[in-house]
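Peer 1: Heads up: the sequence shown begins at 9 in this note's numbering, then just goes up one per residue. Where is the CB? At the ideal position from N, CA and C, for every residue including glycine. Input: one structure, supplied below.
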Amino acid sequence: MKKIAINGFGRIGRSSLKIILDTPDLEVVGINDLMTIENAVYLLKYDSIYGKYNKKVSFEGDFILIDDHKIRYTAIKDPAELPWKELQVDVVIESTGFFTNKADAEKHLTAGSKFVVISGPTKDTPTVVHGVNTEDGKVAVFSCASCTTNNISPIIEILGRRIGIKKAILNTTHAYTASQTLVDAPSKREPRMGRTAGINLAPAATGAAIATTKALPQYLGKFDGVAVRVPVPVGSISDITFVTEKPTTVEEINSVLIEESKTDRYHKVVAVTDEPLVSTDIIKSPFAATVDLEMTRVVDGDLVKVMAWYDNEWGFTNQMIRQIQEL
Ligand SMILES: NC(=O)c1ccc[n+]([C@@H]2O[C@H](COP(=O)([O-])OP(=O)(O)OC[C@H]3O[C@@H](n4cnc5c(N)ncnc54)[C@H](O)[C@@H]3O)[C@@H](O)[C@H]2O)c1
């Protein structure tokens, strides 16, 4: 049984706890966030997207109680001070969004954990997308990249291997996240990220395509992309356009994706659908990508478009937990 701690009990931190509580070989022993334990329990109990939690949740002193689990809760700002040694933590999920570089993430090792998994893109640690480059995740600190990178990398890997991709470009129509604002405000990231999230289509940069080239270095310089943040709280769809090495057809692209979605390598990661889904239908899907087969297009034999759904919170977090199970 691997002992897990969660630093940052936000959207990804709480999804991580819920998924791990239903995963037999993992156990959460510590949670750290700067909010009070009352607030943490409240947000665990009531979720505007996933509904009221189906387990009994309360707290007693410094412990969150969930059915018969008892989890130590702390509110400490500096990761180096966290009680990971005392709790015999094996793996920390670093999901604050703040300690994303190697030196900061390593503070969890100083605190006593054996491994740190960062729930977002980083500049200076290995990037691991479960299913795509699972074997690169045998190091003490690594990043599981972003939800979008987890969504697009398997598709690029599959179609690159089976059909051949010369170059590709992404647009993801992406749910809003905590990095945006509720009303117009200054943004550290880029101006449009500071515009009222609930009423705007906000074109934005995304590092997701570039991060894909960290997992699949053969596409370095050949894959880039953009995002449009849209007024839905969760549920996103990527749109990948690429030029193939050899002529292909819609039937060939779709049959390759259907076939690969049944393999040992990808059956938990990639799904396909021929149903007319909309974004709310993808909420709580554990897959990194659900290819919308009806949307596949081929122009003149070598210009291809593939679209794939993802629950940017739940799908991503499942990918991260699957990768943690490999440690
Ligand atoms: N939301 C998504 O769709 C999504 C998907 C994939 C990856 N991510 C990444 O996961 C990370 C977290 O995103 P989120 O959406 O869960 O954000 P969030 O704002 O919901 O959660 C972050 C949590 O970290 C806590 N926090 C801040 N500073 C802290 C500190 N010093 N110590 C402990 N806790 C601290 C905050 O109180 C908050 O509860 C980001 O890097 C984000 O890019 C998010």
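1) When the Cα atoms are used, what is the spatial distance from A83 to T157?
2) Could you check whether I126 and E102 sit closer than 8 Å to each other, using their CB atoms as the reference points?
3) Considering only their Cβ atoms, is the gap separating P284 from W322 smaller than 8 Å?
4) Quick check: does the Cβ of E302 come within less than 7 Å of any heavy atom belonging to ligand 1?
5) Looking only at its own chain, which residues have a Cβ that is under 6 Å from the Cβ of I171, when we skip the five neighbours before and after it?
6) Does the beta-carbon of F150 have 16 or more other beta-carbons within 10 angstroms, so that it is buried, or is it exposed?
7) What does the Cβ neighbour count give for K85, buried or exposed, with the cut at 16 atoms within 10 Å?
8) Helix, strand or coil, according to DSSP, for L52 in the structure here?
9) How do the region 202-217 and the region 259-266 stand: do at least 3 beta-carbon pairs fall below 8 Å, yes or no?
10) Secondary structure at P87, three-state DSSP: helix, strand or coil?
11) Cutting at 7 Å between CB atoms, please list the residues of its own chain near D132, excluding the five before and the five after it.
12) Taking one C-beta from the region 315-329 and one from the region 24-34 each time, how about it: are there three or more such pairs within less than 8 Å?
13) Closest to E89 by C-alpha separation, out of D76, G120, M328 and L167, would be which residue?
14) Return yes when the C-beta of L42 is under 7 Å from any heavy atom of ligand 1, and no when it is not.
15) Among the candidates I177, Q188, E268 and S154, whose CA atom is the shortest distance from the CA of T249?
16) With C-beta atoms as the reference, is E80 less than 8 Å away from G21?
17) Where do the N-terminal and C-terminal ends of the beta strand (DSSP E) with H77 fall, by residue?
18) Candidates V242, S244, P194 and G215: which alpha carbon is nearest G233's?
19) Between the beta-carbon of A183 and the beta-carbon of S244, is there less than 8 Å?
20) So, Y58 versus K276, is the Cβ gap smaller than 8 Å?
Peer 2: Result, derived from the coordinates:
1) 30 Å
2) yes
3) no
4) Incorrect: E302 has no Cβ contact closer than 7 Å to ligand 1.
5) T252 and T256
6) buried
7) exposed
8) helix
9) No, because fewer than three Cβ pairs between the region 202-217 and the region 259-266 fall closer than 8 Å, the two stretches do not touch.
10) helix
11) N109 and K110
12) yes
13) G120
14) Yes, Cβ of L42 sits closer than 7 Å to a heavy atom of ligand 1.
15) I177
16) Per the sequence presented here, residue 80 reads as Arg, with Glu not at that position. Not a contact, by the Cβ cut-off of 8 Å.
17) From DSSP, the beta strand (DSSP E) with H77 extends over H77 to T82.
18) G215
19) Contact flag set, yes.
20) no
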